[in-house]
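Each residue of the sequence shown is one higher than the one before, starting from 726 at the first, in this note's numbering. All C-beta atoms, glycine included, are put in the ideal place defined by N, C-alpha and C.
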Amino acid sequence: MFPLAVSAVLVIVWAALAVTLPVAVYRDLTTDVSCTSGNPVVAVWIESSSGGSGFARAGQPGSAAAARYLFRQNFAARYQIRVGCGGSVEQWGITAKSTYSEEPYRRIVCDDVHLDGLLTGNCRDGERR
């Protein structure tokens, strides 16, 4: 009788855990980004508030002078875009940051010129699809 009771308890605990575990909801993000100075975008980092942050990969050319970057977010949540304007992939010339958003597509312009003594520029959202 004892092994049967233990088995029943284990099944109940397993079922409770299965119901409460988070489910991965993948979301593909697309970002068209440019730097106001004309410096190239050397890399894009996606800072995800739900975890799973990482570098975006370069995609097909974006609109006009913008570079397109793609990222698969593990859990749909707010995210910030951090952009390297100029320099190299290993050593960004200027880092610029966007505000947090939940939009799957963003077109951002990063100000890497008017820094007022700061080492970090700001990115602003442009047109929406």
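- Query: Between Val-805 and Thr-820, what straight-line distance do the alpha-carbon atoms span, to the nearest angstrom?
  - Reply: Going by the sequence as given, residue 805 is Gln instead of Val. Between Gln-805 and Thr-820, the alpha-carbon positions lie close to 13 Å from each other.
- Message: Quick check on the burial criterion: 16 or more other C-beta atoms within 10 angstroms. Buried or exposed for Gln-798?
- Response: With 16 or more other Cβ atoms from the protein chains shown falling within 10 Å of its own Cβ, Gln-798 counts as buried.
- Message: Based on DSSP bridge pairs, tell me the residues matched to Tyr-825.
- Response: When beta bridges are read from the DSSP output, Tyr-825 appears opposite no residue.
- For the beta strand (DSSP E) that Gln-816 lies in, which residues bound it at each end? DSSP places Gln-816 outside any beta strand (DSSP E), giving it a letter other than H or E.
- Query: Counting along the chain, where does the beta strand (DSSP E) carrying Met-785 start and finish?
  - Reply: In the sequence as displayed, the identity of residue 785 is Gln instead of Met. That residue, Gln-785, is in no beta strand (DSSP E); it is neither H nor E in DSSP.
- Using the DSSP secondary-structure output, state which residues sit across from Ser-773 in a beta bridge. As DSSP reads the structure, Ser-773 sits in a beta bridge with Tyr-804.
- Message: Quick check on this structure: which residue in Val-758, Leu-754 and Arg-752 has the alpha carbon closest to the alpha carbon of Asn-847?
- Response: Among Val-758, Leu-754 and Arg-752, the Cα nearest to that of Asn-847 is on Val-758.
- Using the Cα positions of Val-766 and Ile-737, report the straight-line distance between them to the nearest angstrom. C-alpha separation (whole angstroms): 52 Å.
- Task: Excluding the 5 residues preceding and the 5 following Gly-811 in the sequence, name in chain order all residues of the same chain whose CB lies nearer than 8 Å to its CB.
- Result: Excluding its 5 nearest sequence neighbours in each direction, Gly-811 has C-beta neighbours in its own chain below 8 Å: Cys-760, Ser-762, Asn-764, Pro-765, Val-767, Trp-817, Gly-818, Ile-819 and Asp-837, listed in chain order.
- Leaving aside the five residues before and after Pro-786 along the sequence, list all residues of the same chain whose C-beta is less than 8 Å from its C-beta, in chain order. Ala-792 and Arg-793.
- Task: Excluding the 5 residues preceding and the 5 following Gly-851 in the sequence, name in chain order all residues of the same chain whose CB lies nearer than 7 Å to its CB.
- Result: Excluding five sequence positions before and after Gly-851, the CB atoms of its chain that fall closer than 7 Å to its own CB belong to Arg-832, Ile-833 and Val-834, given in chain order.
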